[in-house]
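One structure is given here, and the rest of the page talks about it.
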Amino acid sequence: MMRCFLKVVGLTLLAMSTTPRCGHGAERPNLIVFMTDDQRADALSCAGNRILKTPHMDRLAREGMHFRNMFVTNSLCAPSRATLLTGLYSHVHGVIDNKNRSIPADIPLVSDYLRQAGYEVAFCGKSHVAGALRDRAWDYYFGYRGQGSYMNPRIAEGTKAQDVEYTGYMDDIVTDKAIQWLRQRRTKPFCLFLWFKAPHRPWTRAPRHAGLFQDVIIPKPPTYDLRALGSPGKPRAFHEADNRIGSFPDVPSLERFVKDYYATLVAVDENVGKVLDALKETGQLDKTAIFYTSDNGFFLGEWQAFDKRFMHEPSIRVPLLVRYPPLIRPGSTCDLMVLNLDIAPTMLELAGIAVPQPMQGRSLVPLLRGLSPKDWRTDWLYEYYEYPGPHSVRKHRGIRTERYKYIHYYEPPEEFELYDLQNDPEERHNLYGKPESQALVRTLRQRLEELRRQTRDPEVK
Ligand code: SGN
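Counting the sequence shown from 1 gives a position; our numbering is that position plus 33.
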């Protein structure tokens, strides 16, 4: 898929310019990308969560910018991570699901561009792509294959090293190693990817958090009970997915799993705090552009579901916080629609590197400066391919505009969903098939095909 195009990308890497372009001062910022696994957009207190307290994530928002409409283009671990690293849609980089997790060797990662331009680059934590990113160039590497385990995990320090068992809690161990690396003296700017395991299933708490949330009540989302009624208005593809709370021994109830999910995020928050403290102590805090995001969202009981994959709001929305005082007014928010595709171009622009033309996202730098470009995107393409597979979510693609969402389960039996998000943010009323929706469906369908062509979807007819 797309091989000739990729060769061109490789050449671009060698030829690219490294002149600072950002105009925010001569010094190139350090870059940190924190990524969690399955953290939905409202699973942090600055996004309105009333149960979970995340003071360090909140600090990033208070001292930086909170993007309140950040989405992923394929709500699954490996595809989403490959997109962040390459700035490409899954149908272009080829990691369309968790089965084929290889990013082709001739597609440069954002870290390759940065390293070429004189950055020291480090990867710490969960990548979930094939080979665990050990086939790529890192100045420091501390990572593991696949999902890893929360307790006493096996991790390799160095891309050529053996996996070794470490005693303790995965995200603490990984953070401590990342901090050791951050504290080293260096003359070059650095870029660190610190990618946590939490809050992925099986939501094992750090032992120090065993007692958290004991007396808390987890409210049922308003749509929870509709599933038992047959998910009125929803297509079979949605109702029949194997994601019901109560039908897995390790997900016995909403109460149990949401508390554990939140507790794992408390450990993440503490680890973010430790990194911020280390940056402060070493005088690097304000010289570092810090991104905080997640690979996909998560259902926390909407329609009695857990997991992700679907194009519905709980699954496609993720947090995005960016702290970089030279550019960003503290406490600012942005409501434009931004995508995981945009992170790589943003990092490159901040580093003064021309964004290679094949990248499919847009740099967020103007937004970070507080601008609202007139030509910013007003719609975007979503895709999901892992079927058959865990949780039995059928393949679908769709378009999300600022107001509407159209979803197409395109393999037989074909099914459709259409929502007016302005009037129906919980996606309860599927308008597909209603006579008054016909014109809208035609427009969205046409635009969806256009987006597929524009983004070089090889399956487009
Ligand atoms: C495992 C999980 C699933 C999850 C996938 C993908 N089951 O299979 O619940 O959807 O990973 O998650 S588990 O019992 O093994 O935890 S992803 O984050 O890697 O995409």
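Ideal Cβ placement from N, Cα and C applies to all residues, glycine included.
Put simply, the stretch 347-362 does not touch the stretch 135-154. Fewer than three CB pairs are less than 8 Å apart. A distance criterion of 7 Å places the beta-carbon of Gln72 beyond contact range of the ligand SGN, judged by its closest non-hydrogen atom. Distance from the CA of Met68 to the CA of Phe449, rounded to the nearest whole angstrom, comes to 32 Å.
If you look at Phe290, you'll find it in the alpha helix (DSSP H) that goes Leu287 to Glu314. Assigned with DSSP and collapsed to three states, Arg410 falls in coil, not helix or strand. In the DSSP assignment, His441 is bridged to Arg430 and Phe449. Contact annotation: Tyr415 and Met370 have beta-carbon atoms that are not nearer than 8 Å. When secondary structure is reduced to three states using DSSP, Ala322 falls in the strand class.
Assignment of Gly176 by DSSP, reduced to helix, strand and coil, places it in the strand class. With a cut-off of 7 Å, the C-beta of Gln337 is classified as distant from the ligand SGN, since no heavy atom of the ligand falls inside that distance.
With a cutoff of 8 Å on beta-carbon distance, Phe339 and Phe331 are scored as near each other. Under the DSSP definition of a beta bridge, Ile65 partners with Leu225 and Ile323.
Between Gln390 and Gln487, the alpha-carbon positions lie close to 13 Å from each other. Separation of the CB atoms of Trp171 and Ala155 is rounded to 6 Å, and the pair is thereby assigned contact status at 8 Å. Residue environment analysis places Arg342 among the buried positions, since at least 16 neighbouring C-beta atoms fall within 10 angstroms of its C-beta. Going by DSSP, Met344 is part of no alpha helix (DSSP H) at all; its letter is neither H nor E. The C-alpha of Val291 is placed about 14 Å away from the C-alpha of Lys86.
Taking 8 Å as the cut-off, the beta carbon of Leu109 is found no closer than this to the beta carbon of Met90. Not one heavy atom of the ligand SGN is found less than 7 Å from the C-beta of Pro347.
CA-to-CA, the gap between Asp457 and Arg83 works out to about 23 Å. Between Gly364 and Arg95, the C-beta gap is smaller than 8 Å, which places the two residues in contact. The stretch 57-126 is shown to contain whole alpha helix (DSSP H) runs of 4 or more residues at 88-95, 110-119 and 123-126, in chain order. Residue pairing from DSSP places Thr366 in a beta bridge opposite His99. If you draw a 10 Å sphere on the C-beta of Thr321, you find 16 or more other C-beta atoms in it, and that means buried. CA-to-CA, the gap between Lys438 and Val474 works out to about 10 Å. Scanning Ser182, Arg61, Arg433 and Lys159 for the CA closest to the CA of Tyr174 turns up Lys159. Relative to the non-hydrogen atoms of the ligand SGN, the Cβ of His429 never comes closer than 7 Å to any of them. Under DSSP, Asp196 takes part in a beta bridge, and its partners are Ala189. Separation of the CB atoms of Asn63 and Pro222 is rounded to 5 Å, and the pair is thereby assigned contact status at 8 Å.
Here Val105 is actually not in contact with Gly120; their C-beta atoms are around 13 Å apart, not less than 8 Å.
Relative to the ligand SGN, even the nearest heavy atom lies 7 Å or more away from the CB of Asp275. In chain order, Arg436, Tyr437 and Lys438 place their CB closer than 7 Å to the CB of Leu454, counting only its own chain and leaving out the 5 sequence neighbours on each side. Set against 7 Å, the gap from the CB of His272 to the closest heavy atom of the ligand SGN is not smaller. At a threshold of 7 Å, Asn131 counts as near the ligand SGN, since its beta carbon sits closer than that to one of the ligand's heavy atoms.
Rounded to whole angstroms, Arg234 and Gln247 show a C-alpha spacing of 19 Å. Of the candidates Gly334, Leu215 and Gly466, Gly334 places its Cα closest to the Cα of Arg289.
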